[in-house]
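S.K.: The numbers in the sequence shown follow the working numbering, run straight up by one, and end at 1086. A virtual CB, placed ideally from N, CA and C, is assigned to each residue, including glycine. Below are the C-alpha coordinates for one structure; questions will follow.
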Amino acid sequence: MRSVGTLTRADLAETINRKMGLSRAESLDMVESILGKMTSALEAGENVKVSGFGTFVLRDKRERVGRNPKTGVEVPITPRRVMTFRASQLL
(Lines of atoms letter the chains of each structure in order from A and count residues from 1; the text may use other names and numbers.)
(Lines give C-alpha, C1' and ligand atoms only; values in the text may rest on other atoms or scores of the structure.)
Protein backbone atom coordinates (compact mmCIF):
# COMPACT_ATOMS: atom_id res chain seq x y z
CA MET A 1 0.00 0.00 0.00
CA ARG A 2 1.45 3.38 -0.91
CA SER A 3 1.50 6.25 1.54
CA VAL A 4 -0.72 9.22 0.79
CA GLY A 5 0.77 12.69 0.99
CA THR A 6 -0.94 16.05 1.28
CA LEU A 7 -0.91 18.74 -1.37
CA THR A 8 -0.46 22.11 0.36
CA ARG A 9 -0.72 25.76 -0.68
CA ALA A 10 3.05 25.87 -0.76
CA ASP A 11 3.11 22.89 -3.14
CA LEU A 12 0.65 24.62 -5.47
CA ALA A 13 2.70 27.83 -5.36
CA GLU A 14 5.89 25.89 -6.08
CA THR A 15 4.28 24.28 -9.13
CA ILE A 16 3.18 27.68 -10.43
CA ASN A 17 6.68 28.99 -9.75
CA ARG A 18 8.30 26.22 -11.80
CA LYS A 19 5.80 26.07 -14.67
CA MET A 20 5.09 29.77 -15.14
CA GLY A 21 8.34 31.32 -13.98
CA LEU A 22 6.68 33.61 -11.45
CA SER A 23 8.50 34.43 -8.22
CA ARG A 24 7.62 32.39 -5.15
CA ALA A 25 5.82 35.40 -3.63
CA GLU A 26 3.80 36.00 -6.81
CA SER A 27 2.96 32.30 -7.03
CA LEU A 28 1.77 32.22 -3.43
CA ASP A 29 -0.28 35.40 -4.01
CA MET A 30 -1.92 33.72 -7.01
CA VAL A 31 -2.83 30.63 -4.98
CA GLU A 32 -4.21 32.79 -2.15
CA SER A 33 -6.21 34.87 -4.63
CA ILE A 34 -7.79 31.80 -6.23
CA LEU A 35 -8.62 30.18 -2.88
CA GLY A 36 -9.96 33.50 -1.58
CA LYS A 37 -12.28 33.86 -4.57
CA MET A 38 -13.52 30.29 -4.12
CA THR A 39 -14.15 30.95 -0.41
CA SER A 40 -16.02 34.19 -1.12
CA ALA A 41 -18.22 32.48 -3.70
CA LEU A 42 -19.10 29.66 -1.30
CA GLU A 43 -19.83 32.15 1.51
CA ALA A 44 -22.18 33.98 -0.89
CA GLY A 45 -24.06 30.72 -1.50
CA GLU A 46 -22.63 30.09 -4.96
CA ASN A 47 -21.39 26.73 -6.18
CA VAL A 48 -17.76 26.52 -7.31
CA LYS A 49 -17.17 24.41 -10.40
CA VAL A 50 -13.65 23.69 -11.62
CA SER A 51 -14.03 22.02 -15.01
CA GLY A 52 -12.26 18.68 -15.21
CA PHE A 53 -11.83 18.61 -11.42
CA GLY A 54 -15.16 18.86 -9.62
CA THR A 55 -17.82 21.00 -7.97
CA PHE A 56 -17.94 22.38 -4.41
CA VAL A 57 -21.46 22.94 -3.06
CA LEU A 58 -22.68 24.25 0.32
CA ARG A 59 -25.73 22.44 1.66
CA ASP A 60 -27.89 23.27 4.65
CA LYS A 61 -28.70 20.27 6.81
CA ARG A 62 -31.81 20.29 8.96
CA GLU A 63 -31.91 19.47 12.64
CA ARG A 64 -32.32 15.75 13.22
CA VAL A 65 -32.13 13.15 15.94
CA GLY A 66 -29.01 11.02 16.22
CA ARG A 67 -27.85 8.42 18.71
CA ASN A 68 -24.88 8.18 21.00
CA PRO A 69 -23.24 4.96 19.75
CA LYS A 70 -22.03 3.97 23.23
CA THR A 71 -25.23 4.51 25.19
CA GLY A 72 -27.92 4.46 22.52
CA VAL A 73 -29.39 7.68 23.94
CA GLU A 74 -31.06 9.95 21.38
CA VAL A 75 -29.19 13.22 20.87
CA PRO A 76 -30.38 16.20 18.81
CA ILE A 77 -28.01 17.14 15.99
CA THR A 78 -28.20 20.87 15.35
CA PRO A 79 -28.78 22.33 11.89
CA ARG A 80 -25.58 23.19 10.09
CA ARG A 81 -24.06 24.05 6.75
CA VAL A 82 -21.77 21.50 5.13
CA MET A 83 -19.63 21.65 2.05
CA THR A 84 -19.74 18.75 -0.35
CA PHE A 85 -17.43 17.98 -3.25
CA ARG A 86 -18.44 16.02 -6.29
CA ALA A 87 -15.50 14.91 -8.38
CA SER A 88 -15.54 15.27 -12.15
CA GLN A 89 -15.89 12.09 -14.17
CA LEU A 90 -12.36 12.76 -15.41
CA LEU A 91 -10.91 12.05 -11.95
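If you follow the beta strand (DSSP E) that Lys1044 is in, where does it begin and where does it stop?
M.R.: 1043–1045
S.K.: Give the range of the alpha helix (DSSP H) segment to which Leu1023 is assigned.
M.R.: 1019–1038
S.K.: Output the boundary residues of the alpha helix (DSSP H) element that contains Lys1056.
M.R.: Careful: Lys1056 lies outside any alpha helix (DSSP H), inside the beta strand (DSSP E) at 1049–1056.
S.K.: Under DSSP, the beta strand (DSSP E) around Thr1010 begins and ends at which residues?
M.R.: Thr1010 -> not in any beta strand (DSSP E); alpha helix (DSSP H) instead, spanning 1004–1015.
S.K.: Can you say whether Ala1082 is buried or exposed, counting buried as having 16 or more other CB atoms within 10 angstroms of its CB?
M.R.: By the 16-neighbour rule on beta-carbons within 10 angstroms, Ala1082 is exposed.
S.K.: Provide the residue(s) that pair with Gly1061 in DSSP beta bridges, ordered along the chain.
M.R.: Val1070
S.K.: Under DSSP, the beta strand (DSSP E) around Thr1001 begins and ends at which residues?
M.R.: Careful: Thr1001 lies outside any beta strand (DSSP E) and carries neither H nor E.
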